[in-house]
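Below is one structure, written out as structure tokens; the observations come after it.
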Amino acid sequence: GAVVSQHPSWVICKSGTSVKIECRSLDFQATTMFWYRQFPKQSLMLMATSNEGSKATYEQGVEKDKFLINHASLTLSTLTVTSAHPEDSSFYICSARVPTSMYEQFFGPGTRLTVL
Amino acid sequence: GQQLNQSPQSMFIQEGEDVSMNCTSSSIFNTWLWYKQEPGEGPVLLIALYKAGELTSNGRLTAQFGITRKDSFLNISASIPSDVGIYFCAGQNPGAGSYQLTFGKGTKLSVIP
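First to last, the protein sequences are chains A and B. Counting with this note's numbering, you get residues -16 to 99 for the letters of the first sequence. Counting with this note's numbering, you get residues 3 to 115 for the letters of the second sequence.
See the structure below:
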């Protein structure tokens, strides 16, 4: 159990376009999901906390108008990178909190975004 | 904000050797988690620690939650080639509805067959 999927696994887009990344909890309902960004050879940086049915909470320095998060159902959260630029190229990873555990988060496989 | 210092940054070991890595924090955490990440994949949870002083094993992996709640270590015994990857510690302070993780910078493990 506790499987989290992401789609797509990789995407290449032109500068100025928008890209949507989906995060799904496959076998449990997740009231809270998290979005991380990871640059090569670096650790995971939390971007935002996504709560089902409410607005996402963004970390300091993360532009909420740039990175739109929607958590429309208990099994799906989406991250849309709007007007993407080359500096947005990164590995984006989501995680979902298992509701039966206060502490444990399970991560998706990540999405590699390359902006040309 | 809270910071985690994870060491070593990288290590090269011979297959069969034991491995030890640790994390220290400038402040207290109520939960410590250890994850492994392989290239192009998301982190996979290895061990979760919930109580100060707790020692928990998962196969060849053993992790401990420090008494001061400011540190944790992970040991891998009898390493094998598939242990290769980046190991991250993460601290958490659940409370007031916050379940955010603070990650260490990772320990990159290479195993020489």
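Backbone N, C-alpha and C fix where the C-beta goes; we use that ideal spot for every residue, glycine too. The structure displayed is predicted, hence computed values, not measured ones.
Three-state secondary structure (DSSP) at Ser12 of chain B?
strand
Under 6 Å Cβ to Cβ from Pro69 of chain A, same chain only, skipping five residues before and after it: list those, please.
Val98
Candidates B:Pro115, B:Phe105 and B:Thr109: which alpha carbon is nearest Ser28 of chain B's?
When only C-alpha atoms are compared, the closest one is B:Phe105.
Cβ-based burial, Asp71 of chain A [other Cβ within 10 Å; buried from 16]:
Burial state of Asp71 of chain A is buried, judged by a 10 Å Cβ sphere holding 16 or more other Cβ atoms.
Counting pairs of Cβ atoms below 8 Å between the stretch 9 to 22 of chain A and the stretch 49 to 61 of chain A, do you hit three or more?
yes
Mind checking if Ala54 of chain B is an interface residue toward chain A, Cβ cutoff 8 Å exclusive?
no
Counting only runs of 3+ residues fully inside the stretch 26 to 101 of chain B, write out the beta strand (DSSP E) ranges in chain order.
33 to 39, 46 to 51, 57 to 60, 63 to 67, 73 to 78 and 87 to 94
Since Ser56 of chain A and Phe90 of chain B should fall inside the 8 Å C-beta cutoff, what is the C-beta to C-beta distance between them, to a whole number of angstroms?
With a Cβ gap of about 29 Å, Ser56 of chain A and Phe90 of chain B do not count as contacting.
By Cβ distance below 8 Å, which residues in the same chain neighbour Ser(-2) of chain A in space, the five residues on each side in sequence not counted?
Ala67, His68, Pro69, Val98 and Leu99
Can you pull the chain B residues whose beta carbon is under 8 Å from the beta carbon of Glu87 of chain A, in chain order?
Leu35, Leu47 and Ala50
Three-way DSSP call (helix, strand, coil) for Glu42 of chain A in this model
coil
Report all residues from its chain with a CB closer than 7 Å to the CB of Ile76 of chain A; omit the five preceding and five following residues, and keep chain order.
Tyr19, Gln21, Leu27, Phe90, Gly91 and Gly93
Would you identify the three-state DSSP class for Glu70 of chain A, choosing helix, strand or coil?
Correct three-state label for Glu70 of chain A: helix.
Can you tell me which of the three DSSP states Leu99 of chain A falls into?
coil
Where Phe11 of chain A sits in the DSSP three-state scheme
Taken through DSSP and simplified to helix, strand or coil, Phe11 of chain A comes out as coil.
Within chain A, partners of Leu111 of chain B - CB distance below 9 Å
Near Leu111 of chain B there are no residues of chain A at all, since even the closest Cβ is about 14 Å away, more than 9 Å.
DSSP on Phe17 of chain A, reduced to helix/strand/coil?
The DSSP-derived three-state label of Phe17 of chain A is strand.
Do we get a CB-CB distance below 8 Å when we pair Pro92 of chain A with the residues of chain B?
yes
Residue burial classification, Phe31 of chain B (beta-carbon count within 10 angstroms, cutoff 16)
Around the beta carbon of Phe31 of chain B, a 10 Å sphere encloses 16 or more other beta carbons of the protein chains shown; the residue is thus reported as buried.
Can you check whether the CB of Val(-6) of chain A is closer than 8 Å to the CB of Arg7 of chain A?
In terms of Cβ geometry, Arg7 of chain A and Val(-6) of chain A do not form a close pair [threshold 8 Å].
If contact means a Cβ-Cβ distance below 7 Å, which residues of the stretch 73 to 95 of chain B contact chain A?
Phe90 and Gln94
Is it right to say Thr70 of chain B is buried, meaning 16 or more other beta carbons lie within 10 angstroms of its own, or is it exposed?
Label assigned to Thr70 of chain B: exposed.
Minimum C-alpha distance to Gln5 of chain B - residue among B:Gln39, B:Gly108, B:Val46 and B:Tyr37
B:Gly108
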